[in-house]
Amino acid sequence: MRAGELLGLLGPSGSGKTTLLRIIAGLDFPDRGRILFGGDDATGLPVQQRAVGFVFQHYALFKHMSVADNIAYGLNARKRADRPAKAEIRRRVGDLLDLIKLSGFADRYPSQLSGGQRQRIALARALAVEPRVLLLDEPFGALDAQVRKDLRRWLREIHDRTGQTTIFVTHDQDEALELSDRVAVLDRGRLEQVGTPDEVQDNPASATVLRFLGDAIELEAIAEGGRVLVDGKPTPVAAPRGAVGPVKLFVRPWQLQFADPAESHLGGTVRASHRSQGRQRIEVAPADGRHLVVEDFDGERYAAGQPVGLRINGGYVFA
Amino acid sequence: MVDAPRPKRHFRRPSVIPGFGLTFGYTLTCLSLIVLLPLAALVVKSSEIGLSGIVAVATDPRVASALRVSFGVSLLAALTASVFGFIVAWVLSRYRFPGRKIVDAVVDLPFALPTAVAGIALASLYAPTGLVGAQLAKLGIQAAYTPLGIFIAMVFIGLPFAVRTVQPLITEIDKEVEEASATLGATRRMTLVRVVLPPLIPAVLTGFALAFARGVGEYGSIIFIAGNLPYVSEIAPLLIVIKLSEFDYAGAAAIATIMLAISFLTLLAINLIQAWSRRRFGYV
Amino acid sequence: MSEGLGASLPIDAPRAEDRVRSVVTEGRAVRWVLTSLAIVFLALFLVLPLFTVFAQALARGWGAYLAAFREPDALSAIRLTLTVAAIAVPFNLVFGVAAAWAIAKFEFAGKSLLITLIDLPFSVSPVVSGMIYVLIFGSQGLFGAFFIEHGIQIIFAVPGIVLATIFVTFPFVARELIPLMQEQGTTDEEAALTLGASGFHAFLTVTLPNIRWGLLYSVLLCNARAMGEFGAVSVVSGHIRGLTNTLPLHVEILYNEYNFVAAFAVASLLAGLALVTLLVKSILEWRYAGDLAAGARH
């Protein structure tokens with residue numbers, strides 16, 4: 000991981016992302032492997048000395064303390080020699096409250112705040128100790144949709160201003176792709192791929208990554224002469240180096256296009272279509288009883304029962 | 000023009016579920032006949048005596064001494080029960096060890112064991128010839144027939160209150176809060192003192208107040224071990240029984256009124272603690 | 000300056016042994032000391048007295064133990080205790096169900112006051128609980144003259160004992176059922192009503208099965224207290240041997256007569272009842288925790 004970067008840990012539930020985050024923080028312990036901060040081995044370091052800022056999914060604010068006391072907690076917890084003076088702590092708390100735009104809230108208690116406000120307090124509390132790395136566990140998981148969107152943008156701004164090295168865990172692809180500098184996709188405890196949002200979307204490292212990042216249909220295809228063929232017709236998809244014979248082709252809904260039967264790789268009849276936000280999704284039933292979804296601009300309408308042909312404009316094949 | 004019907008304030012919100020009249024009426028009738036009217040009799044009796052009469056009874060040296068013993072020893076016993084009750088509650092909800100469920104069940108023993116049975120058992124244990132009493136005697140301590148015996152019985156009877164009011168709260172503590180404290184650099188001791196214990200204080204106080212109130216009113220488990228020496232180890236409830244057997248209803252009612260007043264003040268205190276805690280922190 | 004951070008993968012789910020190193024518990028030594036302290040304290044203060052009851056009861060062997068129960072006074076005390084419980088427990092059961100129905104299934108003004116009033120007997124000293132009935136029905140009481148005139152004996156007789164027992168056990172069932180039925184809400188009953196059930200039929204077929212474990216739990220505790228009550232009963236009973244002595248009062252008399260073996264033998268009966276109560280209570284709490292009111296331990 001690079002300094003100052005915002006890394007999103009993405010994976011389905013149970014993929015081990017929270018566990019990984021907790022291991023980095025020193026709250027859980029690895030069976031094997033090491034945790035490196037910079038060049039230092041932090042594996043044996045107790046959680047108190049790791050200098051991480053951890054924001055818990057449900058915030059874990061101290062309910063009996065005011066907002067200011069919550070934020071100052073990490074500074075007050077230091078040994079006397081390292082502890083800043085009272086006035087200095089007060090100033091730092093004030094700065095952080097400004098940063099999270101809750102300046103008037105210093106004397107409130109957590110029970111008097113909304114979910115989004117608690118989330119921001121939890122973040123300020125973690126930032127107060129000037130952590131080497133900020134760890135966020137499903138930071139927006141417990142919030143409703145609108146607050147979630149606002150906070151996402153806000154977190155990105157905070158990150159851009161502070162340059163704080165940050166790892167956050169999420170199971171929401173949109174969230175990870177929108178927020179992160181780089182995304183790490185985890186599945187069943189294995190790291191599948193690390194890359195920028197563009198890299199993981201354009202060149203998913205495995206079928207797991209591909210499936211997790213969005214809908215895809217799976218087709219039987221043949222690799223021949225560096226090309227992938229479906230139904231004996233060539234597609235624009237290049238075959239992996241050295242691959243010959245049957246392969247699996249994964250196609251996104253927007254990589255299918257309606258076409259004349261002569262140019263089509265697939266055929267079927269329209270089952271239904273739905274319009275939403277300037278796009279339409281058309282359900283197509285091929286003869287083999289499967290269920291395809293095609294995504295297109297909201298233009299020509301398709302009636303149920305209408306026979307159509309589909310051309311493949313792109314796709315992914317894994318060796 | 001017709002006014003829109005204004006919503007009327009009902010005593011009861013309308014509901015499709017039947018049986019309110021019957022069950023509510025029955026509840027009120029039972030409550031009045033069994034609890035409220037008899038308690039009203041006490042109020043009537045004590046108002047007959049009047050405040051001056053109550054003060055006169057309370058300042059009688061023997062009564063004053065009994066009240067002092069009851070309230071003083073109960074205070075100490077509730078304090079002790081709260082400390083050990085907290086440790087027991089902590090161990091039961093935080094640590095896993097063989098036999099934990101049995102230990103957990105044992106805590107309720109004083110609730111289940113009839114007080115007279117507990118009373119004679121404690122008396123025979125702590126008598127100078129008893130299993131524990133003999134050991135204490137070697138140290139020059141006499142427990143039975145002294146205020147120390149009363150203290151032991153009150154700790155026995157108060158312990159479950161101290162444990163059971165705190166235990167559910169300890170179980171409910173969000174581990175994430177402790178982890179948050181650790182990630183912010185706090186040592187385990189600091190986490191306990193600053194993060195874990197403060198929210199438990201209202202519950203500890205509630206348990207203390209319940210144990211205290213129970214100790215003040217307790218009779219059966221104390222009288223056997225207390226020895227009941229006037230001015231030394233005579234408790235207020237016993238004095239009520241003595242006055243009743245002498246048909247001195249006014250004297251008995253006066254002592255009972257004082258005791259009730261103090262236990263209601265204790266209850267009020269509990270409610271205030273809980274209301275304050277709820278307002279301030281959003282939990283009890 | 001560049002700071003890198005990396006974790007070697009793969010990782011597995013945390014294993015049980017990792018919990019031992021958890022950051023949210025105390026060190027092994029502290030845990031050990033606290034646990035030992037708690038167990039020793041409970042053993043000394045709670046278990047030892049219980050053990051003493053049985054040890055003393057059997058101090059002169061089984062013959063002496065059993066002899067205590069052949070006495071007519073002991074038998075009549077057992078009979079009276081059973082009679083009193085047989086009246087007080089069903090009374091409070093019916094009251095508790097009715098009160099819980101009215102309080103939990105409906106919204107009305109003054110609800111919390113009503114709950115507080117129902118709880119009142121728990122905060123009254125047992126001795127005072129008995130005394131209030133003496134103040135009413137006793138020879139010098141408010142209505143004493145009226146009852147003497149009509150030849151009705153309440154104080155120093157069975158009715159007084161029953162009344163005092165009902166008073167001290169009054170809140171048990173209601174206090175368990177009210178929170179339980181509040182948690183369960185009214186949707187089940189409403190569903191039954193929309194399906195055409197009558198109110199009483201809905202109660203029998205929907206409500207009752209929902210509260211059965213809570214009901215059993217509270218009846219158990221109510222019964223234990225009813226059979227074991229001492230202070231309140233002692234005040235109203237008059238201690239007439241063979242007539243108004245319940246088991247706990249009989250224990251007192253035997254103990255005061257220095258008949259320790261018999262006193263502890265009778266006490267062991269009550270202690271046995273307490274043990275059975277605790278056992279069943281614990282089983283209910285382990286097995287059916289979800290069907291009991293949360294935090295409703297007494």
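Chains as they are written, first to last, in numbering that gives the first Met the number 0: chain A, 0 to 318; chain B, 0 to 283; chain C, 0 to 297.
Where a beta carbon is used, it is the ideal one built from N, C-alpha and C, also for glycine.
Computed from a predicted model, the values in this text were never measured in an experiment.
Check, Outcome
"Can you name, in chain order, every residue of its own chain whose Cβ lies under 8 Å from the Cβ of Thr190(B), other than the five neighbours on each side?", "Glu177, Ser180, Ala181"
"Is it buried or exposed for Val168(A), if we count other Cβ within 10 angstroms and need 16 for buried?", "buried"
"I'd like to know whether the C-beta atoms of His170(A) and Ser275(A) end up nearer to each other than 9 Å.", "no"
"Mind pulling the chain C residues with CB within less than 7 Å of Leu26(A)?", "Val22"
"Taking Val162(B) as part of the beta strand (DSSP E), name the residues at either end of that continuous run.", "First-last for Val162(B): 146–171, but that is the alpha helix (DSSP H), not the beta strand (DSSP E)."
"Just to confirm my understanding: we take Gly118(B), look at its own chain, exclude 5 residues before and 5 after, and list those with CB closer than 8 Å. What are they?", "Ala152, Gly219, Ser220, Ile221, Ile222, Phe223, Ile224"
"Does the distance from the C-beta atom of Gly7(A) to that of Glu174(A) stay below 9 Å?", "yes"
"Look at Ala238(A) and Val316(A) and say whether their C-beta atoms are less than 9 Å apart.", "yes"
"Could you list the residues in the segment 29–52 of chain A with a C-beta less than 7 Å from some C-beta on chain C, going in chain order?", "Pro29, Asp30, Gly32, Arg33, Ile34, Leu35, Phe36, Gly37, Val46"
"Give a yes or no on whether the minimum CB-CB distance between Trp275(B) and chain C is below 9 Å.", "no"
"What does the alpha-carbon distance come out to for the pair Ala86(A) and Leu98(A)?", "18 Å"
"Under 9 Å, Cβ to Cβ, is there at least one residue of chain B near Ala84(C)?", "no"
"Quick one: give me the first and last residue of the alpha helix (DSSP H) that Gly26(C) is part of.", "Unbroken run through Gly26(C): none, as it is neither H nor E."
"Figure out for me which residue from Ala252(B), Val90(B), Ile86(B), Ala80(B) has the closest Cα to the Cα of Glu47(B).", "Ala252(B)"
"Near Val92(A), which residues of its chain fall below 6 Å by C-beta distance, leaving aside the five closest residues on each side in sequence?", "Ala67, Ile70, Ala71"
"Where does the unbroken alpha helix (DSSP H) through Asp103(B) begin, and where does it stop?", "99–105"
"What is the C-beta distance between Val269(A) and Val229(A), in whole angstroms, given that I count them as a contact (C-beta under 8 Å)?", "Not a contact, Cβ separation roughly 20 Å."
"Select from Leu267(B), Ala274(B), Gly250(B), Asn270(B) the residue whose C-alpha is nearest the C-alpha of Asp59(B).", "Gly250(B)"
"Hey, is Tyr58(A) close to the ligand SAM, as in C-beta under 8 Å from one of its heavy atoms?", "Ligands are entirely absent from the displayed structure, and the ligand SAM is therefore not among its contents."
"Which of helix, strand or coil does DSSP assign to Gly52(A)?", "strand"
"Just to make sure I have the definition right: I need the residues of chain A whose C-beta is within less than 7 Å of the C-beta of Gly206(B). Which are they?", "Residues of chain A passing the Cβ test: none, with the nearest at roughly 18 Å."
"For Arg89(A), which residues in chain B fall below 7 Å Cβ to Cβ?", "Simply none; closest approach about 17 Å."
"Which residues in the same chain as Leu272(C) place their Cβ atom closer than 8 Å to its Cβ, once the five residues preceding and following it in sequence are excluded?", "Ala223, Met226, Gly227"
"For Arg280(A), which residues does DSSP report across the bridge?", "His273(A), Glu294(A)"
"Whole angstroms are fine: how far does the CA of Ala201(C) sit from the CA of Gly195(C)?", "9 Å"
"At the 9 Å Cβ level, is Asp173(B) part of the contact set with chain A, yes or no?", "yes"
"Mind pulling the chain B residues with CB within less than 9 Å of Trp212(C)?", "Within chain B, no residue comes near Trp212(C); the closest Cβ sits about 17 Å away, beyond 9 Å."
"Less than 7 Å between C-beta atoms, sequence neighbours within five positions excluded: which residues of the same chain meet that for Thr185(C)?", "Lys104"
"For Tyr218(B), go through chain C and note every residue whose CB falls closer than 8 Å to its CB, in chain order.", "Ser124, Pro125, Val126, Phe229, Gly230, Ser233"
"With DSSP as the reference, label Pro11(A) as helix, strand or coil.", "coil"
"Taking its Cβ as the centre, do 16 or more other Cβ atoms sit within 10 Å of Lys100(A), making it buried, or is it exposed?", "exposed"
"In chain B, what lies closer than 9 Å to Glu251(C) by C-beta?", "Ala115, Gly118, Ile119, Gly219, Ile222, Phe223"
"Measuring CB atoms only, is the segment 255–267 of chain B touching the segment 158–177 of chain B, in the sense that at least three cross pairs come out at less than 8 Å?", "no"
"Does Glu106(C) come within less than 9 Å of chain B when only Cβ atoms are used?", "yes"
"9 Å is my cut-off, CB to CB: does Arg117(A) come that close to chain B?", "no"
"So, using beta-carbon positions, are Thr206(C) and Ala76(C) closer together than 9 Å?", "no"
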